[in-house]
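Peer 1: Numbering (the UniProt record's numbering), first residue to last: 1 to 353. C-beta atoms are modelled at their ideal positions from N, C-alpha and C, and glycine is treated no differently. Provided herewith is a single structure, encoded as C-alpha cells, for subsequent inquiry.
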Amino acid sequence: MHVKNLSIVNFRNFSSKLYTFEDRTMITGVNGSGKTSIIEAIYYLTNFKSFRTSNDKKLIKIGEDSFIINLEGERGGEDFVLGIMYKDTKKLLSINGNRVSKLINGFGFFVSVIFSTYDKLLSDRVALYRRKFVDRLISTIDNEYFENLIQYHSILKRRNFILKEEGDKRLLETYSVQLSERSLYLYERRLEFITYFEDVLNQLYEKVFERKGLVKVKYFSSKDGGDFKDIPLLEKFKTNFSFEKQKKRTMFGPHLDDILITVESIPVSDFGSEGEKTLLGITLKIAELNLIYENIGEYPVVLIDDAFSELDRIKTNKLLEIFESYPQVIITFPKKWENLENYKIIDLDREKR
Ligand SMILES: Nc1ncnc2c1ncn2[C@@H]1O[C@H](COP(=O)(O)OP(=O)(O)OP(=O)(O)O)[C@@H](O)[C@H]1O
Ligand SMILES: [Mg+2]
1 MHVKNLSIVN
11 FRNFSSKLYT
21 FEDRTMITGV
31 NGSGKTSIIE
41 AIYYLTNFKS
51 FRTSNDKKLI
61 KIGEDSFIIN
71 LEGERGGEDF
81 VLGIMYKDTK
91 KLLSINGNRV
101 SKLINGFGFF
111 VSVIFSTYDK
121 LLSDRVALYR
131 RKFVDRLIST
141 IDNEYFENLI
151 QYHSILKRRN
161 FILKEEGDKR
171 LLETYSVQLS
181 ERSLYLYERR
191 LEFITYFEDV
201 LNQLYEKVFE
211 RKGLVKVKYF
221 SSKDGGDFKD
231 IPLLEKFKTN
241 FSFEKQKKRT
251 MFGPHLDDIL
261 ITVESIPVSD
271 FGSEGEKTLL
281 GITLKIAELN
291 LIYENIGEYP
301 VVLIDDAFSE
311 LDRIKTNKLL
321 EIFESYPQVI
331 ITFPKKWENL
341 ENYKIIDLDR
351 EKR
C-alpha cells in the first residue's frame with residue numbers, strides 16, 4: 001500500500017494543495033503550519049473519519065462549505081485514485097472515478113495506521129479505548145466477530161432498557177440467553193488475540209529495551225471479578241438479577257471486560273511513566289500493523305504524527321529503526337530530525353515564504 005499524491009481542497013487551514021510522497025517522507029513546520037492536517041487527510045481515506053475529531057464539519061476550512069480529498073496511490077501492484085467530498089453532512093466517495101454508493105463498500109480499500117499522541121490512551125486507566133482498539137482490530141480481520149459484536153450491543157441495549165424501565169422479566173431471560181450466546185465467540189477470539197498480542201509486544205519490547213519476557217497480557221473478565229474462568233455468562237446473570245436491577249444496567253459481559261498489561265509485573269495503566277505509556281501505545285499499534293499484514297498480505301501506510309514527543313532520543317531512534325522495515329512511512333516533526341537522512345522533506349515553513 002502506497003500514497004503517491006495527495007490533493008486537498010478547503011481542508012483545515014489549506015485552500016488548495018498537492019503533495020507528493022516517497023517511501024520515506026518527513027513533514028516539518030512550526031506549530032500550526034498544518035503537519036497534522038496533512039496526515040489527517042491521508043488517514044481520512046482509510047476510515048472516512050478523522051482520528052482527532054468526530055465532527056467532520058471541523059475539517060472544512062473556515063468560511064467554506066465543503067472539502068475534497070483526492071489520493072493517488074498503489075495497492076497490490078495497481079494504481080488507484082480514491083476521492084472523497086464532504087458537503088452538507090454527506091460524504092461522496094469515488095474509486096477510480098466511479099461513485100461508490102455505500103461508504104461501507106470503500107472500507108479497507110486504502111489501509112493506513114496512524115501513530116499519534118492519542119495512542120497513550122491505550123494504556124490509560126479507562127478500559128474503553130483498549131476495548132475499542134481490540135474490537136476494531138479483530139473486526140477488521142474477522143467478519144464473524146464484527147457481526148457478533150453488533151448483535152451483542154443491540155441485545156445489550158434492549159436488556160439495559162428493561163432493567164431500567166422495570167420491564168418484563170421473561171424478556172430479560174431471553175435477552176440473557178442471547179447475550180450469553182454471542183459472548184462466547186467474542187471471548188474466544190479475544191483470548192486468542194491476547195496470546196498473539198503478548199508475543200508481539202514482547203518481541204517489540206525486546207528490540208527497544210534489549211530485555212526479554214517483560215510484558216504480560218491478561219484478560220480481565222467482569223463476569224468473575226478478574227480471572228477469566230469459563231463460567232457461562234448466563235449463570236452470572238441468573239445469580240445477580242437483583243444486583244443488576246438495582247444498578248439498572250447489565251453488569252457482566254464482554255462490554256465491560258478489559259485487558260491488563262503489565263511490564264515487569266507492574267500494571268502500566270496505574271504505574272507507568274508517561275514515556276512507558278506512550279511506548280506501550282506505540283507497540284500495540286505496531287502489533288496492529290503486523291496483524292493487518294498477516295491478514296491482507298500488504299503493509300498499511302504508516303503515518304506518524306507527534307507520536308514520539310514523550311520519548312527520549314535513544315528510544316525514538318530505536319523505534320525509527322523498527323519503522324525502517326515498513327514500505328512507506330510518513331512522519332511529522334516540528335523540526336528536521338537529523339538522523340533521518342533518507343527521508344524526503346516537505347517543509348511547510350518554506351512553502352509559506
Ligand atoms: N477548519 C479549519 N479551518 C481553518 N483553519 C483550521 C481549521 N482547523 C484547524 N485549523 C488551523 O490549521 C492550522 C494547522 O493545524 P495543524 O494541527 O495541522 O498544525 P500542526 O502543524 O500539526 O501543528 P502542531 O505542531 O502544533 O501540532 C492551525 O493553525 C489550526 O488552528
Ligand atoms: Mg500537529
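Pairs of beta-carbons, one from the stretch 156 to 165 and one from the stretch 198 to 217, closer than 8 Å: are there three or more?
Peer 2: The stretch 156 to 165 vs the stretch 198 to 217: no contact.
Peer 1: I need the DSSP call for residue 260, collapsed to helix, strand or coil.
Peer 2: The answer is strand: DSSP assigns residue 260 an E or B state.
Peer 1: Excluding the 5 residues flanking residue 139 on each side, which residues of the same chain have their C-beta closer than 6 Å to its C-beta?
Peer 2: Counting only Cβ-Cβ distances below 6 Å, and skipping sequence neighbours, we find 145, 146.
Peer 1: Can you give me the C-alpha to C-alpha distance between residue 1 and residue 341, rounded to a whole angstrom?
Peer 2: Approximately 23 Å, taken between the alpha carbons.
Peer 1: Given the structure, does residue 36 come close to ligand 2, in the sense that its CB is under 7 Å from one of the ligand's heavy atoms?
Peer 2: True, at least one ligand heavy atom lies under 7 Å from that Cβ.
Peer 1: How many Å lie between residue 153 and residue 177 at the Cα?
Peer 2: Spanning the two alpha carbons is a distance of roughly 14 Å.
Peer 1: Since residue 114 contacts residue 43 with CB under 8 Å, what's their CB separation in whole angstroms?
Peer 2: 5 Å between Cβ atoms; contact.
Peer 1: Would you list the residues sitting across from residue 347 in a DSSP beta bridge?
Peer 2: For residue 347, which the question treats as bridged, DSSP gives the partners 28.
Peer 1: Would you check if the stretch 291 to 311 and the stretch 229 to 249 touch, i.e. whether three or more CB-CB distances between them fall below 8 Å?
Peer 2: Result no; under three Cβ-Cβ pairs closer than 8 Å.
Peer 1: Would a C-beta distance cut-off of 8 Å place residue 61 and residue 12 closer than the cut-off?
Peer 2: Their beta carbons are under 8 Å apart, which means residue 61 touches residue 12 by this criterion.
Peer 1: Just list the residues that DSSP pairs residue 85 with in beta bridges.
Peer 2: Residue 85 pairs with 68, 92.
Peer 1: Below 8 Å on the Cβ atoms is my contact criterion, and I expect residue 186 with residue 148 to pass it. Report the Cβ-Cβ distance as a whole number of Å.
Peer 2: Between residue 148 and residue 186 the Cβ distance is about 6 Å, and since that is below 8 Å, they are a contact.
Peer 1: Go ahead and label residue 232 buried or exposed: buried means 16 or more other beta carbons lie within 10 angstroms of its beta carbon, across all protein chains shown.
Peer 2: That one is exposed.
Peer 1: Report yes if the C-beta distance between residue 67 and residue 9 is below 8 Å; otherwise report no.
Peer 2: Contact flag set, yes.
Peer 1: Closest to residue 202 by C-alpha separation, out of 279, 273, 306, 336, would be which residue?
Peer 2: Closest by alpha carbon: 279.
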